[in-house]
Amino acid sequence: RVTIPADALGCAHCGTSLELLRLSEEQRGIVRARLRQRAAVVDRSGFLEEYLERFGDWLENAPRHYDCVIDGPNVGYEDQNYEGGKFNYYQVEDLRQHCQAAGMEPLVIMPAKYMPFKVHAAKIPNHTRRQRYRHTELSVDDLLIIEHWRQLGVVYEAEVSGKDDWLWMYASLLGDGRLVVTNDEMRDHWLHLLEYRLFKRWKESQIIHFDFERFEDPDVWEIRLAPPRQW
């Protein structure tokens, strides 16, 4: 019996290289089909299913290869459940830059309602627990970040209200399986699509968890990523 450290790339005893188990191409294809079928049940109009297919076509034929997708709402609302909390565009942009500096080509997925074009219409929902059903007026800096994303071509504006999480799930099943930056475990969705063993394999091989380590000033943080294990 041999104990192998978590950061090892092979067995020191026999020299065998260790590989991370991921969903196979066939398994990804099956889950994609199941996700579209579930979309047709959730939205009887057929819009969600069609939108997933359109998004997939766009992603596969995009001018650059995005190998990582960022769950924008999940990142923007991280640590914001306090009086005065709100969606934080700086958190999303800082994490995007952090992923890029780590050698990834990230795409931020954002609901269209969080991406206003005009200053006078710059209000977005506030879904923190303390401010639910209220709205937040965006600052000029928030709007500059939004415009910056558009100019760089690093954001996808999802026109499916409340269903943007379906897009990053679908993205993770396309091609070789993109990485996803999120702290959302999505158990409710995935348990309809995969048996637990395969769900765990998907999560451990494709999900990057994140943390904003706060200091005395709540607007000062250090990003920590927990990438998938190597095997």
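Going by our numbering, the letters in the sequence shown line up with residues 300 to 530, in that order.
Where a beta carbon is used, it is the ideal one built from N, C-alpha and C, also for glycine.
Nothing here was measured: the structure is a model prediction, and the numbers come from that model.
Buried or exposed: which applies to residue i, given that a residue is buried once 16 or more other Cβ atoms fall within 10 Å of its Cβ?
i, result
"Tyr-389", "exposed"
"Asn-380", "exposed"
"Trp-467", "buried"
"Gln-505", "buried"
"Leu-308", "Here the model assigns Leu-308 a pLDDT of 49, short of 50, so the residue's position is not dependable and the matter cannot be decided."
"Glu-512", "exposed"
"Pro-362", "exposed"
"Lys-499", "exposed"
"Phe-416", "exposed"
"Ser-460", "exposed"
"Leu-317", "Low per-residue confidence applies at Leu-317: pLDDT is 46, beneath 50, and the placement is therefore not dependable enough to give any value."
"Ile-507", "buried"
"Asn-360", "exposed"
"Trp-465", "buried"
"Ala-338", "buried"
"Ser-344", "exposed"
"Ala-401", "exposed"
"Leu-358", "buried"
"Glu-348", "buried"
"Cys-310", "Only weak support exists for where Cys-310 lies, its pLDDT of 47 falling under 50; the value from the coordinates is given anyway. With fewer than 16 Cβ atoms within 10 Å of its Cβ, Cys-310 is classed as exposed."
"Ala-525", "exposed"
"Leu-472", "buried"
"Leu-351", "buried"
Would you give the residue range spanned by the alpha helix (DSSP H) that residue i belongs to?
i, result
"Lys-502", "495 to 505"
"Asn-360", "Element bounds for Asn-360: n/a, residue is neither H nor E."
"Tyr-388", "388 to 400"
"Asn-425", "No alpha helix (DSSP H) contains Asn-425, which is instead part of the beta strand (DSSP E) from 422 to 425."
"Asp-463", "463 to 470"
"Pro-372", "371 to 375"
"Glu-446", "439 to 451"
Indicate whether residue i and residue j have their beta-carbon atoms separated by less than 8 Å.
i, j, result
"Pro-372", "Asp-510", "no"
"Leu-478", "Asp-366", "yes"
"Glu-392", "Ile-329", "no"
"Gln-336", "Leu-497", "no"
"Arg-331", "Tyr-469", "yes"
"Glu-404", "His-364", "yes"
"Phe-514", "Thr-435", "no"
"Arg-321", "Gly-474", "no"
"Leu-492", "Arg-333", "yes"
"Val-453", "Arg-395", "yes"
Could you name the residues that DSSP lists as bridge partners for residue i?
i, result
"Glu-512", "Glu-521"
"Arg-337", "Answer is none; Arg-337 lacks a bridge partner."
"Val-368", "Leu-406, Val-479"
"His-434", "Pro-424"
Just confirm the distance between the C-beta atoms of residue i and residue j, as a whole number of angstroms; I'd bet it's less than 8 Å.
i, j, result
"Glu-494", "Pro-527", "With a Cβ gap of about 20 Å, Glu-494 and Pro-527 do not count as contacting."
"Gly-539", "Thr-427", "It is not possible to answer for residue 539, since the shown part of the chain is limited to 300 through 530."
"Trp-448", "Val-480", "About 15 Å; that fails the 8 Å criterion."
"Ala-411", "Leu-437", "The Cβ separation is near 14 Å, so there is no contact."
Could you spell out the range, first to last residue, of the beta strand (DSSP E) harbouring residue i?
i, result
"Tyr-455", "454 to 457"
"Glu-382", "No beta strand (DSSP E) holds Glu-382; DSSP gives it neither H nor E."
Check whether chain B comes within 8 Å of residue i, counting only Cβ atoms and requiring the distance to be less than that.
i, result
"Phe-514", "Absent here is chain B; the protein component of the structure consists of one chain."
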